[in-house]
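Student: Quick one: structure below, then a few questions.
Residue numbers (mature numbering (1 follows the signal peptide of the UniProt record, and there is no 0)): -20 to -1, 1 to 441.
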């Protein structure tokens, strides 16, 4: 064996096992480590994060060293510089991107303050757009320059995340401002996942409006214009839909009108055949007016009170087989109309139910401190007798308190202090004899902490 090769192998092995700071020091000891070490650093890193202009300057020097041979080993870059770059540094960054483009293996790019960055140099937008290897891009503070850049991007993007939009773009009403679906037209044949926060403007599509046949996952965070058929037309093969927060409609008196409009438009233009997953508020599922089954639902009642009609209207079309739902309004389970809506909504298709009751001071303030948690649990147990197809049932009591009320004891906690959790689990099992798995949990109880008891074993779903 050649001794020189062996020595180099040993050097690189020692280098690969060292701490990052030690690796940087070792790179100054030999030419081999200087050349190979830089490549190894980039290979081993999860990504390069740059949060200040000095760090960017240092990174540019690092990438430019050794004739730029390190360019091809950069695979993920995160820029989090919340100030306009100086013109000299912006120019050097633009030059690095130009050198990176022909040899690039950069697949993940995140820019947290995109609009200010693009304003630092007139050709930065073009330099980013000319990169051809990017598959995943996260952009925050998207504005006019950002839109222009996206229109000319050469990469075939598969995953796009918009984390926020410039106010001028949101407030603009110019005809040439693209809506969300038109904005992504260059990636209509490659896009698989889309996450949008803060601005979801869409317009009625024209005949030539793009469709995205590969897109299967859509997340909308604080959407403002949720006309459902725009999305069903644009993303015909969608499987997973997530709504992060409530923001569809602010006027309470327009809720039913908005729901009915979505239903009518979906009947006219078509809805998805089915969805695998929906996650979000119960209200938002109802407002969307979906006409298709949804296999798995992950729902909650935060932000807006849920009425029996809204609950029924959200659950019935979905015909879910798996339902995970959490309620702050646990007093609703004393309402016979609500219980009836829950049972009718789940129908005869439900196989897995994971029900969380969130016990908080705010609900007691709303319904009164004499609300008996025992009565609520009895009502839930009786309700479960109506389900003959359930294979797995979980009931969780989750005790929540705000910082200002952390020392105050919740009435429900007093009830749960001496609760026989095994007996409660057995009662649930007796109510649902078809279930092969039953679990009962206390979470974050002031004195008992977390307690779990179960009967049977849970199959992987």
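Backbone N, C-alpha and C fix where the C-beta goes; we use that ideal spot for every residue, glycine too.
Can you name, in chain order, every residue of its own chain whose Cβ lies under 8 Å from the Cβ of residue 406, other than the five neighbours on each side?
Tutor: 435, listed in sequence order.
Student: Considering only C-alpha positions, which residue in the set 296, 312, 333 and 339 is nearest to residue 324?
Tutor: Of the candidates 296, 312, 333 and 339, the one whose C-alpha sits nearest the C-alpha of residue 324 is 296.
Student: According to DSSP, is residue 434 helix, strand or coil?
Tutor: If DSSP states are grouped into helix, strand and coil, residue 434 belongs with the strands.
Student: Who are the Cβ neighbours of residue 28 in its own chain at under 8 Å, not counting the five residues just before and after it?
Tutor: Excluding sequence neighbours, residue 28 sits near 22, 39, 54, 56, 57 and 58.
Student: Reducing DSSP to helix, strand and coil, say where residue 101 ends up.
Tutor: Looking at residue 101 - three-state DSSP - the assignment turns out to be coil, as it is neither helix nor strand.
Student: Just the Cα atoms here: how many angstroms apart are residue 236 and residue 268?
Tutor: Whole-angstrom Cα-Cα distance: 11 Å.
Student: Given a cut-off of 9 Å, decide if residue 111 and residue 143 are closer than it, judged by their beta-carbon atoms.
Tutor: Going by C-beta atoms, residue 143 is not nearer than 9 Å to residue 111.
Student: Report yes if the C-beta of residue 372 is less than 8 Å from at least one heavy atom of the ligand SAM; otherwise report no.
Tutor: The ligand SAM is not among the ligands present in this structure, which contains no ligands whatsoever.
Student: Per DSSP, residue 220 is paired with what?
Tutor: Residue 220 pairs with 197 and 257.
Student: Look up residue 269 in the DSSP assignment and say whether it is helix, strand or coil.
Tutor: DSSP places residue 269 in coil when its eight states are reduced to three.
Student: Please state whether DSSP places residue 175 in a helix, a strand or coil.
Tutor: In this structure, residue 175 counts as strand in the three-state DSSP scheme.
Student: Buried or exposed: which applies to residue 212, given that a residue is buried once 16 or more other Cβ atoms fall within 10 Å of its Cβ?
Tutor: Flag for residue 212 reads buried.
Student: DSSP state of residue 208, grouped into three classes?
Tutor: Three-state result, residue 208: helix.
Student: Of all the options 200, 199, 66 and 160, which has the alpha carbon lying nearest to the alpha carbon of residue 189?
Tutor: Measuring from the Cα of residue 189, the nearest candidate turns out to be 160.
Student: Where does residue 75 fall in DSSP's three states?
Tutor: In this structure, residue 75 counts as helix in the three-state DSSP scheme.
Student: Should residue 2 go down as buried or exposed, given a rule of 16 or more other Cβ atoms within 10 Å for buried?
Tutor: Classification of residue 2: exposed, given that the 10 Å Cβ count is below 16.
Student: What residue does the alpha helix (DSSP H) around residue 64 start on, and which one ends it?
Tutor: Unbroken run through residue 64: none, as it is neither H nor E.
Student: With a cut-off of 9 Å, does the C-beta of residue 380 fall near any C-beta of chain B?
Tutor: Chain labels in this structure do not include chain B; a single protein chain is all it has.
Student: Span of the alpha helix (DSSP H) holding residue 355?
Tutor: Run containing residue 355: 353 to 364, per the alpha helix (DSSP H) assignment.
Student: Within a Cβ cutoff of 7 Å, which residues of the same chain sit near residue 36, ignoring the five residues on either side of it in sequence?
Tutor: Cβ neighbours of residue 36 beyond the five flanking positions: 30, 61, 69 and 73.
Student: Sort 81, 103, 66 and 126 by Cα distance to residue 91 and report the nearest one.
Tutor: Checked all of 81, 103, 66 and 126; the closest Cα to residue 91 is 126.
Student: Keeping to the same chain, check which residues put their C-beta closer than 6 Å to that of residue 167; ignore five residues upstream and five downstream.
Tutor: Result list for residue 167: 137, in chain order.
Student: Return the Cβ separation of residue 19 and residue 50 in integer angstroms, given the expectation that the two are a contact with Cβ distance under 8 Å.
Tutor: Contact holds; Cβ gap of about 6 Å.
Student: Does the Cβ of residue 217 have 16 or more other Cβ atoms within 10 Å, making it buried, or fewer, making it exposed?
Tutor: So residue 217 ends up on the exposed side.
Student: Our contact map puts residue 389 next to residue 426 with C-beta atoms below 8 Å; I'd like the distance itself, whole angstroms only.
Tutor: About 7 Å; that satisfies the 8 Å criterion.
Student: DSSP beta-bridge partners for residue 339?
Tutor: Residue 339 pairs with 379.
Student: Tell me which residue opens and which closes the beta strand (DSSP E) that residue 402 is part of.
Tutor: Counting along the chain, residue 402 falls outside any beta strand (DSSP E), though it belongs to the alpha helix (DSSP H) covering 401 to 411.
Student: Closest to residue 354 by C-alpha separation, out of 330, 369 and 314, would be which residue?
Tutor: Considering only alpha carbons, the answer is 314.
Student: Quick one: is residue 247 buried, meaning 16 or more other Cβ sit within 10 Å of its Cβ, or exposed?
Tutor: Result: exposed.
Student: Looking at residue 422: is its Cβ nearer than 9 Å to the Cβ of residue 379?
Tutor: Cβ atoms of residue 422 and residue 379: closer than 9 Å.
Student: Is residue 291 closer than 9 Å to residue 318 when the C-beta atoms are compared?
Tutor: The answer is yes: Cβ separation under 9 Å.
Student: Near residue 129, which residues of its chain fall below 7 Å by C-beta distance, leaving aside the five closest residues on each side in sequence?
Tutor: For residue 129, where only same-chain residues beyond five positions count, the Cβ hits under 7 Å are 98, 105, 108 and 109.
Student: Among the candidates 5, 17, 374 and 9, whose CA atom is the shortest distance from the CA of residue -8?
Tutor: Selected option, being the one with the closest Cα: 17.
Student: Can you pull the DSSP bridge partners for residue 334?
Tutor: DSSP, once it has assigned bridges, lists 304 and 374 as partnering residue 334.
Student: Which residues does DSSP list as the beta-bridge partners of residue 56?
Tutor: Note: residue 56 sits in a beta bridge opposite 88.
Student: With 16 other CB atoms within 10 Å as the buried threshold, where does residue 394 fall?
Tutor: Burial call: exposed.
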